[in-house]
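In what follows, a structure is listed as structure tokens, so that the remarks can point back to it.
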Amino acid sequence: ESVVNKIAAGEIIVAPVNALKEMMENSIDAGSSSIDILVRDGGLKVLQITDNGSGINKEDLSILCERFTTSKLKSFDDLSSIQTYGFRGEALASISHIARVTVTTKVKEDACAWKVSYAAGKMLGEPKPAAGKDGTVILVENLFYNIHSRLRTLKSPNEEFAKILDCVGRYSINAAHVGFSCKKFGESHFALSVKGNSNSRDRIRSVFGRSVSINLVDLSLEVAELGLAARGQVSNLNFISKKAISPVLFINDRLVSCDPIRRALNQVYGSFLAKGNKPFIFLSIRIRPDWVDVNVHPTKREVRFLRDEEIVERLASQLEDTLSKVDT
Ligand code: ADP
Ligand code: MG
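Oh and the sequence shown: position 43 is 54 in the UniProt record's numbering, straight run, nothing missing.
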């Protein structure tokens with residue numbers, strides 16, 4: 012049984028960045044306005060995320076790392092979202108099968124924080140009182156310690172750190188109301204540090220630099236009959252860069268990739284692309300959760316959705332319209 016869980020977990024979490032992404036989403040879902048990330052050895056030794064969100068009730072700690080433990084399905088209506096929205100209560104369970112997980116958490120009604128560790132889905136002993144601020148610290152240690160084949164296929168710690176940093180940067184663009192920091196263990200300087208209450212344009216500058224951010228136009232689109240609302244910033248036609256940045260694409264606040272959208276938007280840039288330029292694209296799409304299928308790939312990155320042709324078509328023509336109104 013535990014071998015099955017371990018193998019399943021190793022398919023959802025294939026690199027430290029996958030674990031971090033799940034934990035960042037949890038912190039954002041918990042209403043945090045500040046998220047701090049600490050990384051040692053590319054996340055293999057230590058991956059720690061500290062947030063100031065809701066915290067977790069002490070009574071809920073015993074099942075926290077069991078499969079299908081989720082606090083995010085509040086009504087019967089939401090059941091249709093179980094498979095689609097990514098709320099399946101599997102992330103922490105998976106991580107606990109391939110790493111040591113220690114949670115320190117405090118809800119504001121409690122006088123102190125509670126701290127407890129997990130292995131293989133189970134709580135180890137009882138939660139102990141601990142010092143801590145409101146919010147949650149999740150410490151993941153020795154990721155993949157029991158999957159040697161996975162350890163062998165990973166890139167160097169520096170490359171794994173680069174993937175983590177890229178992922179944090181992307182989330183900071185979409186969740187611009189949240190402050191983020193990310194640093195390597197033992198280093199005093201932050202690889203990324205941005206304060207809360209910002210906007211996505213400023214975040215794009217912090218993460219990808221000024222030359223990208225000054226050449227952006229706002230893109231927005233609402234299509235009621237498709238249950239679709241999209242906002243973002245994309246390169247105007249004055250932007251010259253040969254360096255490709257994969258689209259920063261969020262669907263329902265989950266960082267995803269979606270080939271149909273990527274292809275359609277790229278096509279709109281046409282001659283711009285032909286000159287070898289690579290546009291920057293940030294798009295945050297909200298769509299009826301029961302229309303999204305995030306389960307195409309175990310790591311949930313590639314998504315598909317219902318009525319995708321119509322949706323992609325509308326996005327592309329909106330982009331065309333937006334670009335045509337900009338002076339070049
Ligand atoms: P899901 O996010 O799909 O519900 P997870 O395994 O990612 O499943 O998390 C399980 C549950 O643990 C969440 O539903 C939430 O109640 C709780 N949780 C996890 N991380 C945090 C956090 N940082 N702050 C508050 N609650 C959290
Ligand atoms: Mg989650």
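Yeah, the Cβ is synthetic: ideal placement off N, Cα and C, and Gly gets one too.
None of these values were measured; they are calculated from a predicted model.
Kindly identify the DSSP beta-bridge partner or partners of residue i.
i              : result
isoleucine 262 : Arg265, Ile296
tyrosine 129   : Val112, Met134
aspartate 47   : Thr61, Ser192
glutamate 233  : Ala240
leucine 227    : Ser246
lysine 140     : Residue identity check: residue 140 is proline in the sequence provided, not lysine. Looking at the DSSP assignment, proline 140 forms a beta bridge with Trp125.
valine 303     : Phe316
lysine 117     : Gly146
In chain order, what residues of the same chain have a beta carbon less than 7 Å from the beta carbon of residue i, not counting five sequence neighbours either side?
i              : result
asparagine 153 : Lys56, Ala110, Arg111
alanine 26     : Leu165, Glu171, Lys174
asparagine 226 : Ser246, Asn247, Asn249, Phe250
asparagine 263 : Tyr96, Arg297, Ile298, Pro300, Val303
proline 271    : Asp319, Val323
leucine 284    : Asn277
serine 73      : Met134
alanine 124    : Thr115, Thr116, Lys117, Ala141, Ala142, Gly143
valine 14      : none
How many whole angstroms separate the CB atoms of residue i and residue j, which I take to be in contact at a CB cut-off of 8 Å?
i                 : j             : result
serine 259        : arginine 181  : Looking at the sequence shown, residue 259 is not serine but valine. Sure, about 5 Å apart at Cβ, within 8 Å.
lysine 126        : threonine 113 : 7 Å
asparagine 68     : valine 148    : Going by Cβ atoms, the distance from asparagine 68 to valine 148 rounds to 16 Å, so no, they are not a contact pair.
glycine 54        : leucine 31    : 7 Å
lysine 194        : lysine 253    : Rounded, the Cβ-Cβ distance is 30 Å, inconsistent with contact.
phenylalanine 201 : serine 192    : 5 Å
cysteine 178      : valine 50     : The Cβ separation is near 11 Å, so there is no contact.
serine 105        : alanine 20    : 4 Å
What residue does the beta strand (DSSP E) around residue i start on, and which one ends it?
i                 : result
phenylalanine 191 : 190-195
valine 245        : 239-246
isoleucine 215    : First-last for isoleucine 215: 211-219, but that is the alpha helix (DSSP H), not the beta strand (DSSP E).
valine 151        : 146-152
valine 205        : 203-205
Since residue i is in the alpha helix (DSSP H), which residue starts that stretch and which ends it?
i             : result
valine 314    : Note, valine 314: premise wrong, no alpha helix (DSSP H); not H, not E.
glutamate 36  : 27-40
valine 279    : 270-285
threonine 164 : 159-164
arginine 78   : Arginine 78 -> no alpha helix (DSSP H), and no H or E assigned at all.
valine 15     : 13-23
lysine 174    : 168-185
Beta-carbon within less than 8 Å of residue i's beta-carbon, same chain only, minus the 5 sequence neighbours each way: which residues are those?
i                 : result
phenylalanine 219 : Gly180, Ile256, Phe291
leucine 230       : Ala241, Arg242, Gly243, Gln244, Val245, Leu294, Gln329, Leu330, Thr333
lysine 206        : Gly190
glutamate 313     : Val267, Ser268, Cys269, Asp270, Val307
Could you pull out every residue in the same chain whose Cβ sits closer than 6 Å to the Cβ of residue i, ignoring the five residues on either side in sequence?
i                : result
phenylalanine 87 : In this prediction, phenylalanine 87 has a pLDDT of 46, which is less than 50 and means its spatial position is unreliable; nothing more can be read from the coordinates.
threonine 61     : Asp47, Val148
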